[in-house]
Amino acid sequence: YERTTEPLVLDDEREAEREAEEENLATGPDRVTATNLNLASRKTVTAEKAAELLLECLEVGGEYRMAVADSERAGQPPPTVPAIMAAFKAKSADDYLMEVIKRIKASDLEDTLLLLPYTSVCELLPLL
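Here's what the structure looks like:
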C-alpha cells in the first residue's frame, strides 16, 4: 500500500462492491442445466424485472377479473380500473396482460417465462 493525500471514501467503495456483487448474482451462472437442452443458463436483470412485472400483472389482472365478475353478479356497474392498469392505458385485464407482454424484449421473453413459477405459467397459458 502507498500513502496518498487522496481522501478515502468507504461508502463509495462499499457501494461499488455491492453493485458488483448484485450484477454478478443477476448475470452470473447460478443454476445447473442439463446438457443438450436449450434452456437459459443465466438470469439477466431485464428478464428478472420482466418476470416481476408479469407476476404483478397476473395478480392485479386476476383481482380485477374477480371484482368485475362480482359486480356483474350483483348487477352493479363494473369497478374502476386499478391505477397500474390505467398507467398502461388498459381497459381490461386482457389488455393489461398484452401491454405487459409487448413491453418485454423478444430476446428476454424466453428467460422471463423460465423464471416464472409453474403455477403462474399455468395461470398465464389460458389467458393467451
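If you're matching positions, the sequence shown starts at 1 in the numbering used here and goes up one per residue.
C-beta atoms are modelled at their ideal positions from N, C-alpha and C, and glycine is treated no differently.
Cα-Cα separation, residue i to residue j
i, j, result
"Leu127", "Ala20", "38 Å"
"Tyr96", "Ala51", "15 Å"
"Leu55", "Lys49", "10 Å"
Neighbourhood of residue i by C-beta distance below 7 Å, restricted to the same chain and skipping five residues each side
i, result
"Lys91", "Val81"
"Arg18", "none"
Integer-rounded CB distance, given that residue j should sit under 8 Å from residue i
i, j, result
"Leu124", "Leu58", "6 Å"
"Leu94", "Thr44", "A quick correction: the sequence has Asp, not Leu, at residue 94. The pair is not a contact, with the Cβ atoms about 27 Å apart (cut-off 8 Å)."
"Ala78", "Val68", "The sequence shown places Pro at residue 78, rather than the Ala named in the question. Yes, they are in contact, since the Cβ atoms of Pro78 and Val68 sit about 5 Å apart, within 8 Å."
"Val121", "Leu115", "Not really, about 10 Å apart at Cβ, beyond 8 Å."
"Glu72", "Phe88", "Contact doesn't hold; Cβ gap of about 23 Å is too wide."
Residue from the options with nearest C-alpha to residue i
i, options, result
"Glu63", "Met85, Glu23, Glu110, Asp111", "Met85"
"Lys105", "Asn24, Ala47, Asp12", "Ala47"
What ranges does the alpha helix (DSSP H) occupy inside the stretch 39 to 100, keeping only unbroken runs of at least 4 residues that lie completely in it?
Along the stretch 39 to 100, the alpha helix (DSSP H) occurs as fully enclosed runs of 4 or more residues at 45 to 74, 83 to 87, listed in sequence order.
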